[in-house]
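A short write-up of the structure that comes next.
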Amino acid sequence: MQLLLEHEHSFINGKSYQTQDMFAVLNPANQQTVKHASSVDEKGRMLALTGAKHALEQLRLVSAVQRSEVLKKWHALILSNEKMLAELMVAEQGKPLHEALGEVRYAAGFVEWFAQEAIRSYGETIPSQNTSVQLSTIKQPVGVVLGITPWNFPLAMITRKVAPAYAAGCSFILKPSEETPLSAIALAKLAVQAGMEAGAFQVLITTQPAELIEYYCQCAAIRKLTFTGSTRVGRLLLSQSATTIKRTSMELGGNAPFIVYDSANIAEAVTGLMAAKFRNAGQTCVAANRVLVEQGCMAEFISCLTTAVAALKVGDGMVAGNDLGPLIHEPAKVKVEGLISSALKQGAKIHYQGAAETGLFIAPVILTHVTPDMDIANTEIFGPVVSVITFTDEQQSLSFANGVEEGLAAYFYSQDVSQIHRVSRALEYGMIGINEGMISNPVAPFGGVKQSGLGREGAKQGLDEYLEVKYLCQKFD
Ligand code: NAD
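Structure (structure tokens):
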């Protein structure tokens, strides 16, 4: 099947929608153009909205079982095209091929999960005080949904929104990141091939996201906004959605603490940290951002960690054996290098640094003598930098861990059962990895507290984000 043409365009009502406003989609590993894509125009955004409204009406006539069947076919098509999707992802995003393949399967996992959940959206009957009144609830689709996704997981961040929305009977307008539009278009083409109604999944490509989204935020016909991206943009979108009182889901930035207590199995803690820190070259919202190590195990921990980090290979994601691909673009590299310099100025020390890299590649770094007040401890690093803070006791570890505005993921390693219970309850985070560095799973609720967001994705909770509860009060004789 020919999924990708020389140029790519927005995908509206099941067809490519071309404009003359072209831009280059670049490969971050070599700065070469992967493809040219066109930005949607005003006519396109109106066609997309009209088509999504029409698809919503059509979906009212499609049963949950039929929607589940479409999702099952989409799941199978994603898996049978996994090589093409993974290679495309490496080309536009840069992650190593084995990670990209892992993401394709993770993305497919959401489609499979919501194919199963589509048929389990139960209402309820409620015991009434009055014997001649029946009280019940039914669940109905929210309506047309607008979704905005980032570049760091070009497929999974999309399927974990579009699959539950479709399972619930909603139509969806997606604006993927301008850095990774090609994966999104490929996914939408497969959805239509699986039998999804034209207009149920629109993909709008643009290099001017602010203008497009401001327009849609003012449209009352769009009943829900679901966003994954930075806290800064999430805050702006929440205020823009207030005009038309949209339902919102916000999956925002993280600043994960990774705590290693004296009782931890140090080898396992290092293995967990390598996964939690270096996946996607550190560009994940659940990346270990602050590594908090208890004084008593610091020497052993840092020695094991240094050996593991020194073994990492940096390079093009298409070359087998490479562990760390490039950062996404120049501003990302400038930001990471700036955080390292400011940490050094503020008193941190470089414990380990790999050989200097060119282009958008960056060598892994271990910083020690970091303190909680430094910029690097209060900013999402989004790069391969391990920033180590030491602490003296459990109370101090919790105060350091919770002393930030974000609350997405946290990790800790301990073999003390009482401590595991105490720390799990005390951490102000939406997701906790306990003696585990890889926590993402389509069957479990993903999301944050505090300024990391609102709502949950995946799991049974992920479907409710796209459903309204309607209460029925029926009198009878
Ligand atoms: P970003 O906020 O810059 O961009 C995200 C999306 O928003 C992109 O599609 C972008 O085009 C769009 N956008 C940017 N400005 C906009 C505006 N003014 N109006 C409307 N849309 C706008 O984030 P990013 O750099 O693409 O992604 C990295 C961020 O995403 C990190 O903070 C990371 O933690 C977060 N993230 C969170 C999760 C999660 O599940 N919580 C998952 C992945 C990434």
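If you're matching positions, the sequence shown starts at 829 in my numbering and goes up one per residue.
For every residue, glycine included, the Cβ atom is placed at its ideal position computed from N, Cα and C.
Source: prediction; values computed, not measured.
query: Rounded to the nearest angstrom, how far is the Cβ of Ser999 from that of Leu875, given a contact under 8 Å?
result: About 13 Å; that fails the 8 Å criterion.
query: Can Met1312 be considered in contact with the ligand NAD, in the sense that its beta carbon sits closer than 7 Å to one or more heavy atoms?
result: The requested residue 1312 is not part of the displayed model; the chain covers only 829 to 1305.
- request: Using 10 angstroms around the beta-carbon of Ser960, count the other beta-carbons present and answer buried if the total reaches 16, otherwise exposed.
  value: By the neighbour-count definition (other C-beta atoms within 10 Å, threshold 16), Ser960 is an exposed residue.
Three-state class that DSSP yields for Met912 in the structure shown: Per DSSP, reduced to three states, the secondary structure at Met912 is helical.
query: Using the C-alpha atoms, what's the distance from Lys1141 back to Leu1148?
result: The sequence given here places Ala at residue 1148; Leu does not occur at that position. Near 10 Å, if we compare the C-alpha coordinates of Lys1141 and Ala1148.
message: On the DSSP letters alone, give me the boundaries of the alpha helix (DSSP H) that Phe1129 sits inside.
response: That run of the alpha helix (DSSP H) goes Met1126 to Ala1138.
field: N-terminal and C-terminal residue of the alpha helix (DSSP H) that Thr987 is part of
entry: Counting along the chain, Thr987 sits inside the alpha helix (DSSP H) bounded by residues Ala984 to Ala996.
- request: Return the chain-ordered list of same chain residues with a C-beta closer than 6 Å to the C-beta of Met829, the five sequence neighbours on each side being excluded.
  value: Reliability of the predicted coordinates at Met829 is poor, the pLDDT of 44 falling under 50, and no value is obtained from them.
Identity of the residue in Ala914, Glu1025 and Ala919 nearest Ala935 by Cα: Of the listed residues, the one whose Cα sits closest to Ala935 is Ala914.
- prompt: In terms of residue numbering, what span does the beta strand (DSSP E) encompassing Thr1118 cover?
  reply: Checking the sequence shown, residue 1118 turns out to be Arg, not Thr. That run of the beta strand (DSSP E) goes Ala1116 to Glu1122.
message: What ranges does the beta strand (DSSP E) occupy inside the stretch 929-965, keeping only unbroken runs of at least 3 residues that lie completely in it?
response: DSSP runs (the beta strand (DSSP E)) wholly in the stretch 929-965: 952-954.
Given Pro969 as reference, the closest of Gly951, Ala984 and Pro982 once Cα atoms are compared: With distances taken between Cα atoms, Pro969 lies closest to Gly951.
Thr1056 in three-state terms, based on DSSP: Note: Thr1056 maps to strand in three-state DSSP.
- prompt: Would you say the beta carbon of Ala1038 comes nearer than 7 Å to a heavy atom of the ligand NAD?
  reply: If you check the C-beta of Ala1038 against the ligand NAD, you find a heavy atom less than 7 Å away.
task: Quick one: give me the first and last residue of the alpha helix (DSSP H) that Ser1077 is part of.
output: Premise fails: Ser1077 lies in the beta strand (DSSP E), Arg1075 to Glu1079, not in any alpha helix (DSSP H).
- prompt: Just to check, is the beta-carbon of Glu1006 closer than 7 Å to a non-hydrogen atom of the ligand NAD?
  reply: Judged by the Cβ position, Glu1006 qualifies as a neighbour of the ligand NAD at the 7 Å threshold, a heavy atom of the ligand being closer than this.
- prompt: Where does Tyr1044 fall in DSSP's three states?
  reply: DSSP, read as helix, strand or coil, puts Tyr1044 in helix.
task: Using the DSSP secondary-structure output, state which residues sit across from Asp1029 in a beta bridge.
output: Here residue 1029 turns out to be Phe, not Asp, going by the sequence shown. According to DSSP, Phe1029 shares a beta bridge with Phe1000.
message: At the level of alpha carbons, what is the spacing between Val890 and His926?
response: Separation of Val890 and His926 (C-alpha to C-alpha, rounded to the nearest whole angstrom) is 37 Å.
task: With DSSP as the reference, please indicate the residues paired to Phe1086 in a beta bridge.
output: DSSP links Phe1086 through a beta bridge to Val1119 and Tyr1239.
query: Which residues in the same chain have their Cβ closer than 8 Å to the Cβ of Thr861, if we skip the five residues on either side of it in sequence?
result: Excluding sequence neighbours, Thr861 sits near Ala852, Val853, Leu854 and Asn855.
field: Near the ligand NAD: Val1061 beta-carbon under 7 Å from a heavy atom
entry: Yes, since a heavy atom of the ligand NAD falls inside the 7 Å radius drawn around the Cβ of Val1061.
Nearest-angstrom Cα separation, counted from Gly975 out to Tyr1294: Taken atom to atom, the span from the alpha-carbon of Tyr1294 to that of Gly975 is near 12 Å.
- request: Please check the pair Gly1027 and Lys901, which I expect to be a contact at CB under 8 Å, by giving their CB distance rounded to whole angstroms.
  value: Not confirmed; about 18 Å, so no contact.
- request: Using 10 angstroms around the beta-carbon of Glu1233, count the other beta-carbons present and answer buried if the total reaches 16, otherwise exposed.
  value: Here Glu1233 is exposed, its C-beta having fewer than 16 other C-beta atoms within 10 Å.
Ile1033 vs Val868 beta-carbon contact at 8 Å: Ile1033 places its beta carbon less than 8 Å from that of Val868.
message: Can you look up Lys967 in the DSSP assignment and give me helix, strand or coil?
response: Strand.
- request: Have a look at Glu920, Leu899 and Val1020 and flag the residue whose alpha-carbon is nearest the alpha-carbon of Ala865.
  value: Nearest of Glu920, Leu899 and Val1020 to Ala865, Cα basis: Glu920.
query: From which residue to which residue does the alpha helix (DSSP H) around Glu1185 run?
result: Premise fails: Glu1185 is in no alpha helix (DSSP H) and is neither H nor E.
message: Just checking Gly1082 against the ligand NAD - is the residue's beta carbon closer than 7 Å to any of the ligand's heavy atoms?
response: Yes, Cβ of Gly1082 sits closer than 7 Å to a heavy atom of the ligand NAD.
- request: Check whether the Cβ of Asn980 sits closer than 7 Å to any heavy atom of the ligand NAD, and report yes or no.
  value: Yes, Cβ of Asn980 sits closer than 7 Å to a heavy atom of the ligand NAD.
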